[in-house]
Amino acid sequence: MPIIAVIHGACLGGGLELALACHARVCSNDNKTKLGLPEVQLGLLPRFRERSAYLG
């Protein structure tokens, strides 16, 4: 069963990692919609493998 992430507003850090683990993503065309990994600015690596385990 495909999993679809619908994004409206800020999608940062763990929220973006969870959305990236989904099969498809749909973002709203809004000025408030922002995507990003702010932990990278602190020198930390995103933990994609751990987040994708939540979705099976």
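Numbering of the sequence shown is given in the numbering used here, commencing with residue 1189 and proceeding in unit increments. All C-beta atoms in this analysis are idealised placements derived from N, C-alpha and C, irrespective of residue type, glycine included.
7 Å Cβ cutoff met for residue i and residue j
i, j, result
"Cys1199", "Ala1207", "yes"
Rounded straight-line distance, which links the Cα of residue j to that of residue i
i, j, result
"Ser1216", "Gly1201", "18 Å"
"Pro1190", "Val1214", "13 Å"
Neighbourhood of residue i by C-beta distance below 7 Å, restricted to the same chain and skipping five residues each side
i, result
"Thr1221", "Ile1195, His1196, Gly1197, Cys1215"
"Ala1212", "Pro1190, Ile1192"
Own chain partners of residue i with C-beta closer than 6 Å, once the 5 adjacent residues on each side are dropped
i, result
"Val1228", "none"
Cβ neighbours of residue i in the same chain (closer than 8 Å, five flanking residues each side left out)
i, result
"Leu1225", "Leu1200, Gly1201, Leu1204, Glu1205, Pro1234"
Bridge partner(s) assigned by DSSP for residue i
i, result
"Lys1220", "In DSSP, Lys1220 forms no bridge with anything."
"Cys1199", "Leu1223"
"Val1214", "Val1194"
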